[in-house]
Amino acid sequence: MAYHPKYQITDALLTTITEIESLRSQVAHSRILPEREIELRHRATVEATHSSTAIEGNPLNLKQVEKVLADGTVLTRHQYAEIEVRNYKKALDYIDKRKVSGKPVELADILTIHKLIMEGLLPPEKTGVLRTVGVDIIDQDDTVLYKGPKTAILKEEITALLEWFKESENVHPVIAAAILHFQFVSIHPFSDGNGRTTRVLTQLYLGLRDYDFRGTLVLDSYYYTDRREYYRALRAQGEDYQTATAAVLDPWITYFVNGFLSSAKVLSVEVMILSSVIASNKPVKRINPEDADLLSYAKQFGSISLAEAESVLPNVPRRTLQRKLKTLVDNGYLIVSGSTRSTVYMWANK
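Taking my numbering, the leading residue of the sequence shown gets 380, the next gets one more, and so forth.
Spelled out as structure tokens, the structure:
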């Protein structure tokens, strides 16, 4: 049976896509040294690995993940968690090479990604193999939140999804990626590891469409920041495969596209900083979406005042904004100028 997702392109969605296009252009045409781009890609790998595995309950923090990926050390207490981390990195390495071919995603890619992610975590007969039993998603009270489709139709449903992508090159890559993410999670083709496989598969698709921002964009951190909202957005479309497949995907697509924009804003500011300190060897500290908005304003207008910061982030308390601006000064991104009453924060990297 052919797959036909239901969704509408609203004016608000088009506005968000236009913003994303602008940020993509900025990143594509940025002038940063090759070693700085390598640094960004490495950070993207570490952050994606940490966030995506943490969504599923991995206890390692960002620094621990970076250490595991750097030296492969296995601590007995965290052995399972560290296998998860190394496996996810292997899957990211696979798609980094795979996207070079430019060929559309095939079932073999999906099975390979799952095998890489779950090797040593599931019995060998369950890694890289479609499930042979039914699957339910349940909460801590054993309440069924979602029922996946029957095993007999798994291959057929995946094939229909992949065929839709081959025939839908006119669909914007970000919207298509949102549809892929939702539908693959809905199919839930494996006994375990569906979420991680979905997120890597989405990244592969964006890479094949040349929409992964030179391999430096991290979407997983947006999902991890508010896991409850991520799962709510995914499950709001239905409690079983039939209702999910028949649902109008506008709410999920809006969530996904907004998350993409938020992640792209953070990346564009990091690239902007790296471009400004092109001759410097100083490291660039990680920033969050709110900091990115403040820095973007300061870069555009040369400075930002506390009052202007309040207009940029109207839902953030004044005292919190003061702390944020101070931190950006301490990190070397802004410079304080003026007296106490007329203080402005100048863009530091000119």
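Using N, Cα and C, we set each Cβ at its ideal position, and we do this for glycine too. Just so you know, these numbers come straight off a predicted model, no measurement behind them.
Counting along the chain, S716 sits inside the beta strand (DSSP E) bounded by residues L713 to S716. With respect to the 8 Å criterion, E649 and L448 are not classified as neighbours on the basis of their beta carbons. Sixteen is the threshold: when 16 or more other Cβ atoms of the shown chains lie within 10 Å of the Cβ of E463, as they do, the residue is buried. With respect to I399, L653 sits apart: the two C-beta atoms are not nearer than 8 Å. By the neighbour-count criterion, in which 16 or more other beta carbons inside 10 Å mark a residue as buried, K678 falls on the buried side. Annotation: T432 to A686 spans about 39 Å, alpha carbon to alpha carbon.
A direct Cα-to-Cα measurement between Y634 and K534 gives close to 28 Å.
With contacts defined as CB atoms closer than 8 Å, T576 and I489 qualify as a contacting pair. Closest in C-alpha terms to A470, from the list T581, L540 and W726, comes T581.
For D599, the secondary structure class from DSSP, reduced to helix, strand or coil, is helix. When V479, E608, E416 and D599 are compared, the shortest CA-CA separation from D589 is found for V479.
Judged by pairs of C-beta atoms under 8 Å, the stretch 508-528 does not touch the stretch 544-556, as fewer than three such pairs exist.
For S716, the CB contacts under 6 Å within the same chain, skipping 5 residues up- and downstream, are V723 and M725 in chain order.
For L524, the enclosing beta strand (DSSP E) covers residues V523 to K526.
K494 counts as buried, since at least 16 other C-beta atoms from the protein chains shown sit within 10 angstroms of its C-beta.
With fewer than 16 other Cβ atoms inside 10 Å of its own Cβ, Y459 counts as exposed. The stretch 557-576 makes contact with the stretch 612-624; the number of CB pairs closer than 8 Å reaches 3 or more. Three or more beta-carbon pairs drawn from the stretch 522-531 and the stretch 610-619 are found closer than 8 Å, and the two stretches are therefore classed as touching. Here the alpha carbons of T491 and D629 stand approximately 31 Å from one another.
Linking E536 to S675 through their CA atoms gives a straight-line distance of about 43 Å. With contacts defined as CB atoms closer than 8 Å, V512 and T530 qualify as a contacting pair.
V444 and H421 do not touch by the CB rule: their CB atoms are close to 12 Å apart, not below 8 Å.
Looking from the CA of I388, the closest CA among N437, T595, E426 and V550 belongs to V550. K644 is positioned such that its CB atom lies no closer than 8 Å to that of L393. The beta carbons of L501 and S570 sit closer together than 8 Å.
Nearest to Y601 by C-alpha distance, out of N573, I714, I566 and L640, is L640. Going by DSSP, V447 is part of no beta strand (DSSP E) but of the alpha helix (DSSP H) stretching over L441 to D450. The Cβ atoms of D672 and L692 lie closer than 8 Å to each other. Taking 4 residues as the shortest admissible run, the stretch 628-708 contains the following complete alpha helix (DSSP H) segments, listed from N- to C-terminal end: 629-655, 668-680 and 685-691. Beta-carbon to beta-carbon, G572 and M497 are separated by about 4 Å, close enough to satisfy the 8 Å threshold. In the DSSP assignment, D619 is bridged to K526. Assignment of D488 by DSSP, reduced to helix, strand and coil, places it in the helix class. About 7 Å separates the beta carbons of V695 and E669, which is inside the 8 Å limit, making them a contact pair. Counting only runs of 3+ residues, the beta strand (DSSP E) found wholly inside the stretch 515-595 occupies 515-517 and 523-526, in chain order.
Look at Y609 here: in three-state DSSP terms it is helix.
Y382 is a Cβ neighbour of W543, given a cutoff of 8 Å.
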